[in-house]
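Counted from 1, the sequence shown has number 499 at position 499 by the UniProt record's numbering; the numbering is strictly sequential. Don't be surprised by glycine CBs; every beta carbon is placed ideally from N, CA and C.
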Amino acid sequence: MLFWDGVNVDSYILKEDQQATGLIIFNVPPGQILDAENSELIYEIYTPVGGNPATSLPGYVRVNTKVPGNPPLNSAEPINLALEPPGNIPTPITDAIAEYGINVIIAPWLPATHMEVGDVLTLTWGQTKITLPPLTAADLNKPITVAVSKEIILATSNTLGLEVFYDIRDNVGNWSLMSPATKVDIEAGPNTLPAPRVQEALGDNDINLAELGAQNAHVDLPVYPGWAVGDQVKIYWFGTTQGGVEVNETDTYQMKDTDEGFVVTRQIPNAAVVAIANGRAIVYYEVNGVRRSKRLAITVSGVVQKLPAPEVREQLGGVLDPAAVPAAGATVVVKPYPGMNSADQVVIYWTGVTAAGDTTHFTDHQPGNDQLQEIIFRVPKDTQVNPLAGGTVDVYYTVVSGAVRRDSISLPLSVRAVSPGLDLLKPRVPKAYGDGTRLNFDTALYYDDYLSVIVNYTGMAVGHSVQLRWAGTVVYPSAVKPVEVVGDLEFLVPRMEVIDVIGRSATITYTVTLANGTVAGPSAALSLSVDAQAYDLIPPVISADNSIVTLRYTDMHAPHTGRIRWEGIVKHDTDEQNLDTRPEEFRIPINWVTENRGREVLINYTVYRGEDRHLIFSRVLRKNL
């Protein structure tokens with residue numbers, strides 16, 4: 001008979017076949033097994049004759065039925081969801097973090113009665129198990145700290161998604177099962193390649209959408225250790241919108257022999273960047289599918305830049321002449337835009353204002369396409385064009401892609417109305433050459449502050465007033481000039497407006513206000529093309545605090561030199577600085593900023609290539625301070 005803590009729990013009649021083994025198995029009811037530090041077990045043997053018992057020496061056993069973490073009974077899974085995942089683990093872990101090791105925090109396991117003196121916690125980090133000493137009374141119901149050394153971290157160098165978890169055994173060997181894992185990326189140690197960089201995010205790890213415009217983002221791949229011709233490099237761009245929607249992009253490139261020793265630059269489409277406005281992106285690369293770089297985390301700030309404006313084929317220089325519109329109507333064209341696909345819905349809006357001030361509206365819609373083909377709309381002539389003579393119209397479109405809506409830039413047009421007795425001839429530029437439609441900046445304006453434009457028209461009379469309109473990169477409207485003498489009327493277009501269309505063109509028109517207040521025009525348009533320079537220099541970039549202007553352009557190298565022109569209330573030039581292949585920064589004096597507070601300044605730069613050659617001028621950055 002077996003006695004458990006003095007209670008007879010089971011008895012057994014010995015059989016003949018058990019005499020050979022000497023093994024007797026007792027079955028103890030679960031309800032009889034109670035938690036105890038030392039439960040006493042003895043057994044007694046009764047002989048068939050006489051019945052005098054023989055009593056064994058006592059045996060003692062520790063009983064603990066409170067399993068750490070209280071896992072479900074007979075679980076088919078090795079994970080105990082009642083346990084918290086390991087905490088306080090940064091991701092990614094960089095060399096700077098790994099240098100001092102990290103402290104992993106384990107939350108107290110519940111219920112509280114199941115966290116006991118003697119429990120032993122083991123943290124698993126890769127192939128390493130870190131086992132802590134048994135818990136003491138001072139440890140109960142408090143977070144447990146597990147120190148993970150630099151050496152243990154670096155043993156898992158270049159691991160993405162390393163699962164870190166723990167388990168617990170109590171003083172009788174009860175097992176908690178494994179905790180849920182915390183995933184961590186290890187970007188430390190010799191096995192991790194250097195991170196890429198994004199050119200548009202240099203300095204502050206932020207892409208400013210206003211500066212990016214319609215351009216793609218540029219990812220630079222460094223000359224990584226072990227570089228070899230034929231390496232397959234895959235760039236990963238994991239973008240996340242402010243609302244948590246993923247916008248991902250990948251790019252694959254095979255290294256060529258001509259790439260050896262040089263940074264290789266790849267592009268991320270503009271659409272993938274603007275889609276995560278005010279969100280963030282993680283950028284890294286893999287080599288041959290086995291070696292991974294450190295990650296670069298960047299933000300994307302600013303509002304989503306508008307799509308390019310639509311075109312109206314019958315307009316010229318911002319003027320729509322109803323006589324030039326066919327009976328079928330005005331032709332509105334939406335050019336292929338970044339990210340265009342057949343799931344898009346493209347909606348055009350035609351909003352007119354008549355000469356009398358009444359408004360008209362027209363809208364139409366079509367799907368996008370995957371072939372990057374232009375989309376053509378027709379606007380009725382009789383109801384939407386002719387009534388606007390002498391008025392204006394604004395044309396824009398909206399692209400709806402799922403839950404995302406993007407508007408285009410608006411195209412403003414004047415609708416021509418001809419007054420009897422007036423013939424508003426094209427303006428002319430005296431320094432233009434050929435048929436009067438081309439201008440060479442170096443010969444015509446290199447040393448001048450203004451470009452002269454002459455207006456003369458049939459029917460000009462004293463009492464009229466004229467306003468010139470220069471439509472270049474932006475629209476520059478002149479001051480209104482009264483006609484005091486019938487004949488040539490000169491307007492002066494500022495030098496910076498001409499510089500901003502070098503290699504491009506500007507459309508010049510004018511309107512005439514008659515003595516009775518009637519506005520005639522716009523005039524016939526002069527499209528003036530300005531000859532290109534040796535380099536097409538993009539505008540500079542200014543820092544958020546307006547203290548630094550940076551220039552960068554294609555084929556930038558020594559011995560080029562550059563300087564910044566800052567044009568506001570006063571014109572300022574920085575000192576000349578030597579240039580090389582890197583972006584060059586120019587510090588802006590604080591008084592240049594404060595004297596223009598609340599105003600727009602025009603900023604550009606010049607490049608001198610030596611050998612007494614003329615300066616080359618960049619396009620203009622317009623900044624409201």
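Could you work out which residue in the options is closest to residue i when comparing CA atoms only?
i      : options                        : result
Thr128 : Asp573, Asp139, Val148         : Val148
Thr509 : Gln315, Thr156, Asn546, Ile376 : Gln315
Val474 : Leu154, Thr258, Gly317         : Gly317
Leu209 : Val283, Gly230, Thr241, Val304 : Val304
Leu135 : Leu162, Thr145, Val247, Val120 : Val120
Pro180 : Asp575, Gly173, Ile168, Pro338 : Ile168
Asn216 : Ala275, Gly226, Asp231, Lys294 : Ala275
Glu246 : Thr65, Asn278, Ala82           : Asn278
Gln577 : Phe586, Ile569, Val480, Leu160 : Phe586
Arg405 : Asp344, Leu34, Pro430          : Asp344
Leu296 : Gln199, Leu551, Thr145         : Gln199
Ser529 : Ala82, Asn596, Gly517, Asp500  : Asp500
Ile97  : Pro86, Lys150, Asp139          : Lys150
Asn8   : Val28, Thr21, Gly436, Asp95    : Val28
Lys189 : His560, Asp10, Ile93           : The question names Lys, but residue 189 in the sequence shown is Gly. Of the listed residues, the one whose Cα sits closest to Gly189 is Ile93.
Arg582 : Ala515, Glu595, Gly203         : Gly203
Less than 7 angstroms between C-beta atoms, sequence neighbours within five positions excluded: which residues of the same chain meet that for residue i?
i      : result
Asn141 : Pro108, Ala112, Met115
Thr55  : Ile42, Glu44
Thr131 : Val120, Thr122
His572 : Trp566, Trp592
Between which residues of its own chain and residue i is the CB-CB distance below 8 angstroms, once the five residues before and five after are set aside?
i      : result
Gly59  : Glu40, Leu41, Ile42
Gln533 : Phe441, Ile502, Gly503, Ile616, Phe617
Pro522 : Gly317, Gly318, Val319, Ser414, Arg416, Leu424, Arg469, Thr509, Tyr510, Thr511
Val593 : Asn546, Ser547, Leu625
Gly126 : Ile152, Ala155, Thr156, Thr159, Leu162
Asp170 : Asn64, Lys66, Val67, Pro68, Glu116, Gly118, Asp119, Val120
Ala432 : Arg438, Leu439, Ala444, Leu528
Ala525 : Leu316, Gly317, Gly318, Val319, Lys426, Thr507, Ile508, Thr509
Just to check my reading of the structure: residue i and residue j have Cβ atoms closer than 8 angstroms, yes? What is that Cβ distance to the nearest angstrom?
i      : j      : result
Asn341 : Asp321 : About 36 angstroms; that fails the 8 angstroms criterion.
Arg292 : Thr192 : 7 angstroms
Ala272 : Trp237 : 6 angstroms
Pro427 : Val455 : 5 angstroms
Pro539 : Leu621 : 4 angstroms
Ser410 : Val395 : 7 angstroms
Gly302 : Val353 : Gly302 to Val353, Cβ: 31 angstroms. No contact.
Arg552 : Thr606 : With a Cβ gap of about 15 angstroms, Arg552 and Thr606 do not count as contacting.
Val164 : Ile89  : 6 angstroms
Asn174 : Thr145 : No, Asn174 and Thr145 are not in contact; Cβ-Cβ is about 23 angstroms, not under 8 angstroms.
At which residues does the alpha helix (DSSP H) containing residue i begin and terminate?
i      : result
Val475 : Val475 -> not in any alpha helix (DSSP H); beta strand (DSSP E) instead, spanning 475 to 477.
Thr594 : 590 to 594
Leu154 : 150 to 154
Glu211 : 209 to 212
Val273 : 270 to 274
Thr383 : 381 to 384
Val498 : 495 to 499
Phe441 : 441 to 444
Please classify residue i as buried or exposed, where buried requires at least 16 other C-beta atoms within 10 Å of its C-beta.
i      : result
Ala506 : buried
Ala281 : buried
Ser176 : buried
Gly239 : buried
Glu99  : exposed
Phe491 : buried
Asn604 : buried
Asn248 : exposed
Along the chain, where does the beta strand (DSSP E) that runs through residue i open and close?
i           : result
Ile603      : 600 to 608
Phe238      : 232 to 240
Glu84       : Note, Glu84: premise wrong, no beta strand (DSSP E); not H, not E.
residue 640 : Residue 640 cannot be examined here, being either before or after the span of the chain that is shown, 1 to 625.
Arg597      : Premise fails: Arg597 is in no beta strand (DSSP E) and is neither H nor E.
Val485      : Counting along the chain, Val485 falls outside any beta strand (DSSP E), and DSSP gives it neither H nor E.
Gln366      : 359 to 367
Ile79       : Looking at the DSSP string, Ile79 is not in any beta strand (DSSP E), and its letter there is neither H nor E.
Phe165      : 159 to 169
Ile97       : Not the beta strand (DSSP E): Ile97 falls in the alpha helix (DSSP H), residues 95 to 98.
Asp10       : 7 to 10
Starting from the C-beta of residue i, find all residues in its chain whose C-beta is less than 6 angstroms away, skip the five residues before and the five after it, and write them out in chain order.
i      : result
Asp364 : Ile348, Phe377
Gly459 : Gly421, Leu422
Asp407 : Lys306, Thr398
Thr513 : Ser465, Val519
Ala36  : Val63
Val61  : Ser39
Answer with yes or no whether the minimum CB distance from residue i to chain D is below 8 angstroms.
i      : result
Pro322 : Among the chains in the structure shown there is no chain D, since it carries only a single protein chain.
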